[in-house]
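Visitor: This is the structure I have questions about; it appears just below.
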Amino acid sequence: MDRSITEGVDCISSMPDVILHHILSFIPIGLAIRSSALSRRWRHVWCETPRLDFRGYHPMASVRDINQTVASYKAPKITSFHFCVHVWVPELVPQINSWIEFAVSRNVEQLFLSFGCRVNHRTYRFPNSFYRSSSLENLRLDFITIPGCTVSWKSLRSLTLDYCLQSLDDVLSGCPVLETLSLGYSGGVHRLDLSKSPTLTILKITRRLYPWENRGSMEIVAPHLRYLDLLNNDEPCTLVDVSSLTKAKFYIHMLSDPYPYHSYDDDVKADFIRLENMLLKMLAQLGNVEQLTFETTFLQIISLAELRGVPFPMLKVQTLTLHTMIAKSVTPGITRLLQSSPH
775 MDRSITEGVD CISSMPDVIL HHILSFIPIG LAIRSSALSR RWRHVWCETP
825 RLDFRGYHPM ASVRDINQTV ASYKAPKITS FHFCVHVWVP ELVPQINSWI
875 EFAVSRNVEQ LFLSFGCRVN HRTYRFPNSF YRSSSLENLR LDFITIPGCT
925 VSWKSLRSLT LDYCLQSLDD VLSGCPVLET LSLGYSGGVH RLDLSKSPTL
975 TILKITRRLY PWENRGSMEI VAPHLRYLDL LNNDEPCTLV DVSSLTKAKF
1025 YIHMLSDPYP YHSYDDDVKA DFIRLENMLL KMLAQLGNVE QLTFETTFLQ
1075 IISLAELRGV PFPMLKVQTL TLHTMIAKSV TPGITRLLQS SPH
């Protein structure tokens, strides 16, 4: 038998630092730091791993640990920085500011910040360096609002805002190369005008997490958009201009099953008709779309429209994807979609 196998030769430690940094970037930072106890070879390897992930930390209990990690970090550039505050403590603002400033000073490319409960912008304001990061390419914010101010994110290509009551005009004007915008449960956006964002081609919107949440109406003006993903969209939504759209996905969530329609009272029936009208108006705006994806509830609603003799718009769809079971409640809608899609 090969002696190198029986004696357990350490092949990993002989790898170049750049490979070890890459390996450590896939494990939590706490475990990466513990690797320094393996041997002298490993003592400082973690200090240059390109990713720092503090999502498993509780700020009150971990301030010292995070500060020590930041102080020991040696890499000139951070590829990815994740930080999550599970419980908001105002006294931690100076510490949080210093960690964000640290990430920006190391030319962070991906910045993910999550606050466990929504933070009012009067309570927390990002450090000034955050608003003018030239290296930032991917930004995700959860449960926090960017105060109304000018930003300068010249390299930002992807922006995700979840539970952020946010006016986007000032933000979008400072993102000249933004390609992807994702909005989750953002009730503050009622008119989304992307006409001045020619590079923004991908839009993903989740209207609400729970059916009883009321997010209000929304208008979407996005003449440069190529891909649209609408989730939990049973509230009023108007596609004003999506003339460049080639791919779209719709998911509808409702408290009531559309079937059996005739057993509901007039108010519930009126809700179904309202939703039916909205969806058919959306379909009418998808004249150039080549790929469409629907799920069961969408198909049930348009099946009701088909049974009621409501006219359907013609489509240019080449690929139609349906996530549904085959049942009587969806077959009229499927049939009508196929008839309306001769290509």
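Residue numbers (this note's numbering): 775 to 1117.
The beta carbon of each residue, even a glycine, is placed where N, CA and C say it ideally should be.
When DSSP labels each residue in this structure, what does R906 get in the three-state scheme?
Guide: Helix.
Visitor: Considering Q1065, what are the terminal residues of the beta strand (DSSP E) in which it resides?
Guide: From DSSP, the beta strand (DSSP E) with Q1065 extends over 1065 to 1069.
Visitor: Candidates V1063, D1003, L887: which alpha carbon is nearest F857's?
Guide: Comparing Cα positions, the closest option is L887.
Visitor: For R906 and S926, what's the separation of their Cα atoms in angstroms?
Guide: So the alpha carbons of these two residues sit roughly 5 Å apart.
Visitor: Which residue or residues does DSSP assign as beta-bridge partners of H856?
Guide: DSSP output for H856 lists D827, F886 as bridge partner(s).
Visitor: Reducing DSSP to helix, strand and coil, say where N912 ends up.
Guide: Strand.
Visitor: Going by beta carbon distance, what residues of the same chain come within less than 6 Å of I803, once the five residues before and after it are set aside?
Guide: Result list for I803: L826, D827, in chain order.
Visitor: Can you name the start and end residues of the alpha helix (DSSP H) that S872 belongs to?
Guide: Start and end: 867 to 879.
Visitor: Find the nearest neighbour of Y959 within the set T843, F917, A996, judged by alpha-carbon distance.
Guide: Ranking the options by Cα distance to Y959, first place goes to F917.
Visitor: Counting only beta-carbon atoms, is L1004 nearer than 8 Å to chain D?
Guide: The chain labelled as chain D is not found in the depicted structure, where only one protein chain is given.
Visitor: Can you tell me the Cα-Cα spacing of L1004 and Y898, whole angstroms?
Guide: Cα-Cα distance, rounded: 31 Å.
Visitor: How many angstroms separate the CA atom of D944 from the CA atom of C923?
Guide: In a straight line, the C-alpha of D944 is about 6 Å away from that of C923.
Visitor: Helix, strand or coil for S1114 per DSSP?
Guide: In the structure shown, S1114 sits in coil (DSSP, three-state: anything other than H, G, I, E or B).
Visitor: Between the C-alpha atoms of L1054 and I1076, what's the straight-line distance to the nearest angstrom?
Guide: Cα to Cα, the separation comes out at about 8 Å.
Visitor: With distances taken Cα to Cα, identify the nearest neighbour of R880 among Q869, A845, K1102, P868.
Guide: Taking only the C-alpha atoms, the option nearest R880 is A845.
Visitor: Quick check: what's the CA-CA separation for T973 versus L952?
Guide: So the alpha carbons of these two residues sit roughly 6 Å apart.
Visitor: For G948, tell me which candidate among Y937, V1084, R931 has the shortest Cα-Cα distance.
Guide: Answer by Cα proximity: R931.
Visitor: Return the Cβ separation of Q1074 and V1016 in integer angstroms, given the expectation that the two are a contact with Cβ distance under 8 Å.
Guide: Incorrect: roughly 24 Å between the Cβ atoms, too far for contact.
Visitor: Please tell me whether S969 and P950 are closer than 8 Å, where the distance is taken between their beta carbons.
Guide: Against a cut-off of 8 Å, the Cβ pair of P950 and S969 comes out as no contact.
Visitor: Considering only their Cβ atoms, is the gap separating R1000 from T980 smaller than 8 Å?
Guide: Result no, Cβ atoms of T980 and R1000 do not sit closer than 8 Å.
Visitor: Would you mind working out which of E1009, K978, Q1092 sits nearest N1051, comparing C-alpha positions?
Guide: Comparing Cα-Cα distances from N1051 to each of E1009, K978, Q1092, the minimum goes to E1009.
Visitor: For L1013, tell me which candidate among K1023, M992, E822 has the shortest Cα-Cα distance.
Guide: Here the closest residue by C-alpha is M992.
Visitor: Between which two residues does the beta strand (DSSP E) holding V1014 run?
Guide: Counting along the chain, the beta strand (DSSP E) containing V1014 begins and ends at 1011 to 1015.
Visitor: DSSP three-state label for S947, please.
Guide: Looking at S947 - three-state DSSP - the assignment turns out to be helix.
Visitor: Out of curiosity, what's the CA-to-CA distance linking H964 and C1011?
Guide: In a straight line, the C-alpha of H964 is about 9 Å away from that of C1011.
Visitor: In the DSSP assignment, find the beta strand (DSSP E) that holds K978 and state where it starts and stops.
Guide: Counting along the chain, the beta strand (DSSP E) containing K978 begins and ends at 976 to 980.
Visitor: Do F1086 and S1114 have their CB atoms nearer than 8 Å?
Guide: Taking 8 Å as the Cβ cut-off, F1086 and S1114 qualify as a contacting pair.
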